[in-house]
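Here is the structure we will look at.
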Amino acid sequence: MTIHRAEMGGATRTPWGFDAENKRVYVTASEKGEPERLVLVDPEDEARNETLVSSNPNVDPNGWLSSSDERNLLAVSYMDGMPGYNFVNKTHPESVVYAGLINAFPDRAVSFGGISRDGRFILFRAYSDVDPGSFYLFDRKTGQAKFLLSAMEWIKPDQMSPMEPITVIARDGTKLHGYITIPRFSEGKNLPLILHPHGGPHGPRDQWGFNPEVQFLANRGYAVLQINFRGSGGYGNAFESMGYRNWGTTMINDMTDAVDWAIEEGIADRNRICTYGASYGGYAALQTVVREPTKYKCTIGYVGVYSLPLMFKDGDIPEEESGRNFLKRVMPETLAEQQAQSPAFNIDKINIPVMLVQGAKDERVPMSQYDILKDRLTEAGKPPEVTIVEDKEGHGFYDYQNQVDLYTAMEKFLGKYIGPAKPAAGAP
Numbered sequence: 017m018t019i020h021r022a023e024m025g026g027a028t029r030t031p032w033g034f035d036a037e038n039k040r041v042y043v044t045a046s047e048k049g050e051p052e053r054l055v056l057v058d059p060e061d062e063a064r065n066e067t068l069v070s071s072n073p074n075v076d077p078n079g080w081l082s083s084s085d086e087r088n089l090l091a092v093s094y095m096d097g098m099p100g101y102n103f104v105n106k107t108h109p110e111s112v113v114y115a116g117l118i119n120a121f122p123d124r125a126v127s128f129g130g131i132s133r134d135g136r137f138i139l140f141r142a143y144s145d146v147d148p149g150s151f152y153l154f155d156r157k158t159g160q161a162k163f164l165l166s167a168m169e170w171i172k173p174d175q176m177s178p179m180e181p182i183t184v185i186a187r188d189g190t191k192l193h194g195y196i197t198i199p200r201f202s203e204g205k206n207l208p209l210i211l212h213p214h215g216g217p218h219g220p221r222d223q224w225g226f227n228p229e230v231q232f233l234a235n236r237g238y239a240v241l242q243i244n245f246r247g248s249g250g251y252g253n254a255f256e257s258m259g260y261r262n263w264g265t266t267m268i269n270d271m272t273d274a275v276d277w278a279i280e281e282g283i284a285d286r287n288r289i290c291t292y293g294a295s296y297g298g299y300a301a302l303q304t305v306v307r308e309p310t311k312y313k314c315t316i317g318y319v320g321v322y323s324l325p326l327m328f329k330d331g332d333i334p335e336e337e338s339g340r341n342f343l344k345r346v347m348p349e350t351l352a353e354q355q356a357q358s359p360a361f362n363i364d365k366i367n368i369p370v371m372l373v374q375g376a377k378d379e380r381v382p383m384s385q386y387d388i389l390k391d392r393l394t395e396a397g398k399p400p401e402v403t404i405v406e407d408k409e410g411h412g413f414y415d416y417q418n419q420v421d422l423y424t425a426m427e428k429f430l431g432k433y434i435g436p437a438k439p440a441a442g443a444p
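So for the sequence shown, our numbering puts the first residue at 17; every next one is plus one.
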């Protein structure tokens, strides 16, 4: 039975579950692709009247809290810059407990992992941008939270750098959201900057929280810019679909506009900017250079796509019908457009130092993507300055020593071309 059908980027209606009386249905709904709202719908109501339960003007709901008997919806969670909950049933006893636990950690975000069937025990994690977090088990009977474990107990939060939500207005007036991480022991001005686009690109988005790569870069003196460009998930179906067929154009322009924002704010030194990303982010790291040949001093592509036409031939995406349908939906339609949005077909515009990183066993972004860019750069007399290929790695490096070698090489490469800012007094 078809519940809902709509054009790409248009309306959405997704059932979440029944209410306490098992009569009405919770549905996330959007009429024109705007961020979804949570509503209650009576299936037997021919007029299809809806009761608004919760909404946020900027982002979709990304989760919810239910009562231990699973009959009552208590709260809806959102990631609008910072993570938070909208309590829709404020009088339920368990809502009071959840809200109390959130308030008990004013400098942390709290995420809940579950509640026991009898409602006595609640598992939760308290975390932040500078703290990977710790897990606790709260006993409602005793009113005590028992510490269980830390995610990364060796991390020292007071030495990490804060991640601040930002809003950027793109050149066409579209509102973009993202984050800027400023090295803790810096003055926050005239810093070398790393543009760090996320992977995906459709569905994923950058979120507030502890990010080891971002903290690594900030620790070395770099400001790190993450922008949820058009095509990113979480901001409504229309926002995501704006990136379709525009991987190398509109989406890249959004990144450029965010960099310009950082320069205008006095955060970034316009003469010391590099870009680094993985997967789609690796593609974007090279395509930003194609679009803006003089803006960046170096670029790092990590397991990135560099030829859009190759995506239709190699890798695991075109092996399945769902993958082929995805490519037809999001890729530029003609070969000429695909090549125009591919770094490997625009070598003449890439005139800065390049670092390429690849896993030889990568099935998502296979070696052919690495090879075509490396070979064409070499043929043009400007081979990548640094190349790292690990025979036993796939779509990302997981071996500890391989990670150490990668980030050591990255630190050296970035330092050579944009040099980290001098840390302020008190830096570790």
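All C-beta atoms, glycine included, are put in the ideal place defined by N, C-alpha and C. Just so we're clear, the structure is a prediction, and the values are computed from it rather than from any experiment.
(request) Given a cut-off of 8 Å, decide if glycine 216 and proline 51 are closer than it, judged by their beta-carbon atoms. (result) no
(request) Grab me the residues of proline 334's own chain with a C-beta within less than 8 Å of its C-beta, minus the 5 sequence neighbours each way, in chain order. (result) Met327, Phe328, Arg340 and Leu343
(request) Reducing DSSP to helix, strand and coil, say where tryptophan 80 ends up. (result) strand
(message) Closest to asparagine 418 by C-alpha separation, out of Lys428, Val405, Glu427 and Phe429, would be which residue?
(response) Val405
(request) State the DSSP-derived secondary structure class of alanine 294, mapped to helix, strand or coil. (result) strand
(request) With DSSP as the reference, please indicate the residues paired to alanine 239 in a beta bridge. (result) Leu209
(request) Give me the Cα-Cα distance between alanine 440 and aspartate 174, rounded to the nearest whole angstrom. (result) With a pLDDT of only 48 at alanine 440, under the threshold of 50, the placement of this residue in the model should not be trusted; the figure read from the coordinates follows. C-alpha separation (whole angstroms): 15 Å.
(message) Buried or exposed for serine 70, going by 16 or more other Cβ atoms inside 10 Å?
(response) buried
(request) Assuming threonine 304 contacts leucine 211 (C-beta within less than 8 Å), just tell me the rounded distance between them. (result) 7 Å
(request) Classify lysine 329 as helix, strand or coil using the three-state DSSP reduction. (result) coil
(message) Classify alanine 300: buried if its beta carbon has 16 or more other beta carbons within 10 angstroms, exposed otherwise.
(response) buried
(request) Identify which residue in Glu379, Thr394, Lys398 and Val373 has its Cα closest to the Cα of aspartate 386. (result) Sequence inspection shows tyrosine at residue 386; the aspartate mentioned does not correspond to that position. It is Val373 whose Cα lies nearest to the Cα of tyrosine 386.
(message) Using C-beta distances below 7 Å, list every residue in its chain close to threonine 424, excluding the 5 sequence neighbours before and after it, in chain order.
(response) none
(request) For alanine 278, I'd like the list of residues in its chain whose CB is within less than 8 Å of its CB, leaving aside the five on either flank, ordered along the chain. (result) Ile196, Leu209, Ala239, Leu241 and Ala284
(request) Return the residue from the list Glu180, Gly135 and Met371 that minimises the CA-CA distance to cysteine 290. (result) Met371
(message) Out of Val92, Met168, Thr310 and Glu229, which one is the CA nearest neighbour of tyrosine 292?
(response) Glu229
(message) Can you tell me whether phenylalanine 245 is buried or exposed? The criterion is at least 16 other CB atoms within 10 Å of its CB, across all chains shown.
(response) buried
(message) Could you check whether arginine 288 and isoleucine 434 sit closer than 8 Å to each other, using their CB atoms as the reference points?
(response) yes
(message) Taking the straight line between their C-alpha atoms, what separation do you get for aspartate 58 and proline 31?
(response) 12 Å
(message) To the nearest angstrom, how far is the alpha carbon of methionine 179 from that of glycine 225?
(response) 8 Å
(message) Taking a contact to mean a Cβ-Cβ separation below 8 Å, would you say valine 321 touches isoleucine 243 in this structure?
(response) no
(message) For a minimum of 3 consecutive residues, which ranges assigned as the beta strand (DSSP E) are wholly contained in the segment 63-139?
(response) 66-70, 79-82, 89-96, 98-103 and 125-131
(message) So the candidates are Asn88, Ile366, Met383 and Ser323; which of them puts its Cα closest to the Cα of leucine 393?
(response) Ile366
(message) Is it buried or exposed, valine 409, if we count other Cβ atoms within 10 angstroms and call 16 or more buried?
(response) The sequence given here has glutamate at residue 409, not valine. Looking at its Cβ environment, which holds 16 or more other Cβ atoms inside 10 Å, glutamate 409 is buried.
(message) With a threshold of 7 Å on Cβ separation, who are the neighbours of glutamine 223 within its own chain once the five nearest residues in sequence on each side are excluded?
(response) Met95
(request) Check whether the Cβ atoms of methionine 271 and proline 213 lie closer than 8 Å to each other. (result) yes
(message) Please list the terminal residues of the continuous beta strand (DSSP E) segment that includes glutamine 1.
(response) Since the displayed the chain opens at 17 and closes at 444, residue 1 lies outside it and no answer follows.
(message) Spatial neighbours of valine 381 within its chain, please: C-beta separation below 7 Å, excluding the five flanking residues on both sides.
(response) Ser295, Val319, Gly320, Val321, Gly331 and His411
(request) Identify whether tyrosine 318 lies in helix, strand or coil by the three-state DSSP scheme. (result) strand
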